[in-house]
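Contents: one structure, followed by commentary.
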Amino acid sequence: MNTILLAALLISSVSCSLLRATPLATDDFTYDFYVCGTYEGACSATKGEKQHAVFYGARKLMFTKYMKTVEVFGGNDCSASSLYSYRYNADVTSRDNDEGTVTVKGKATSLEIAMVGSTIDNVQLTCSFAIEDNKFYTTEELDACTVPEGSENPIAALKATYGAGAEVTDVLVLNKDGKDFSINGYALSNKSDDGCSGWAPESNTPGIIIAIVGTIIIVIIVVIVVISAKKHSKKMPVSQ
């Protein structure tokens, strides 16, 4: 009797714990559209720039890593070829969601730069190798390049802000239906699901299934223990 009562209490306790834990799996389920994927940004008429992004993460859950690309053009309409571009990868370290405006803080893990005519921000680089137009190079590859005397090194400036280990901040605006999506004021349009992975739960169903399966396993173990105990008690000699 005591064994059965103990088993019942154990099952009840474990079941409650599992059911309480299941919402943790879906706490980050916030959006009705994919926050992951590859997005292209619109031109900023005031800066002559475009910002693009690839968000890496599970579908409908907030991304955990991302790559942002900035294209700099000669004119404000971004109609001509880009003068230079840079892109950095970052791991998300924190997120602050204020009614759809999400401030993402991250730590940059790598930085790459592409240019035309070996020139960045009107400063021409001299390198020991030929630089191909619009091809991305790592900052490690460009570290040995030099600039004219008296000029600030644009590579060093970009590394200080976006190089590996740098703390970066990007502000996203996300409506729940996905109709308004921008990064740092640049409107974004989805190009593909590249960057998305896994499966995002639509409800607590997966957690409930886990709780049920866990409970069944515990019940089976307890039943085996009880049956074994009963068999053992029957074999015990009765004292005179």
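Counted the way mature numbering (1 follows the signal peptide of the UniProt record, and there is no 0) counts, the sequence shown spans residues -21 to -1, 1 to 219. Backbone N, C-alpha and C define an ideal beta-carbon position, used for all residues, glycine too.
Practice task
Measure the Cβ-Cβ separation of Ser89 and Ala143 and say whether it is below 8 Å.
Solution key: Within the sequence shown, numbered from 1, the residue matching residue 89 stands at position 110. Within the sequence shown, numbered from 1, the residue matching residue 143 stands at position 164. Yes, the pair counts as a contact, with Cβ atoms nearer than the cut-off.
Exercise for the section: Pull up the distance between the alpha-carbon of Tyr45 and that of Gly193, whole angstroms please. Expected result: Walking along the sequence shown from the start, residue 45 turns up at place 66. Walking along the sequence shown from the start, residue 193 turns up at place 214. Looking at the two C-alpha atoms, the distance is approximately 36 Å.
Handout entry: Neighbour flag for Lys138 against chain D, beta carbons, 8 Å
Key = Going by chain labels, chain D is absent from the structure shown, which holds only one protein chain.
Handout entry: First and last residue of the uninterrupted beta strand (DSSP E) at Ile92
Key = Here residue 92 refers to the residue found at position 113 when the sequence shown is read from its first residue. Its beta strand (DSSP E) spans residues 80 to 94.
Handout entry: Spatial neighbours of Ser182 in its chain, beta-carbon cut-off 6 Å, leaving aside the 5 residues before and after
Key = Numbered from its first residue, the sequence shown carries residue 182 at position 203. Note that Ser182 scores 44 on pLDDT, short of 50, meaning its location in the model is unreliable and no value can be drawn from it.
Exercise for the section: Could you tell me whether any non-hydrogen atom of the ligand FMN is closer than 7 Å to the CB of Val95? Expected result: Inclusion of the ligand FMN in the displayed structure is not the case, the ligand content being empty and no account of it being possible.
Exercise for the section: Would you kindly check if the distance between the Cβ of Thr25 and the Cβ of Asn55 is under 8 Å? Expected result: Walking along the sequence shown from the start, residue 55 turns up at place 76. Walking along the sequence shown from the start, residue 25 turns up at place 46. Closer than 8 Å, so yes.
Handout entry: Where Gly193 falls: helix, strand or coil (DSSP)
Key = Walking along the sequence shown from the start, residue 193 turns up at place 214. Note: Gly193 maps to helix in three-state DSSP.
Handout entry: Nearest residue (CA-CA) to Lys138, options Glu91, Leu104, Lys114
Key = Position 159 of the sequence shown, counting from 1, holds the residue named residue 138. If we check each option's Cα against that of Lys138, Glu91 comes out closest.
Practice task
Counting only the same chain and skipping the five closest in sequence on each side, list residues whose C-beta sits under 8 Å from that of Asp122.
Solution key: In the sequence shown, the residue the question calls residue 122 occupies position 143. The answer, listed in chain order, is Ile134.
Practice task
Check whether the Cβ atoms of Tyr63 and Tyr141 lie closer than 8 Å to each other.
Solution key: Translated into the one-based positions of the sequence shown, residue 63 becomes position 84. Translated into the one-based positions of the sequence shown, residue 141 becomes position 162. Cβ distance not < 8 Å, so Tyr63 and Tyr141 don't count as in contact.
Practice task
My understanding is that Gly20 touches Leu167, with C-beta atoms under 8 Å, so please give their C-beta distance in whole angstroms.
Solution key: Here residue 20 is taken as the residue at index 41 of the sequence shown, counted from 1. Here residue 167 is taken as the residue at index 188 of the sequence shown, counted from 1. Contact flag correct, Cβ pair sits at about 5 Å.
Practice task
Determine the DSSP secondary structure at Ala37, reduced to helix, strand or coil.
Solution key: On the sequence shown, position 58 is the one that residue 37 refers to. Three-state result, Ala37: strand.
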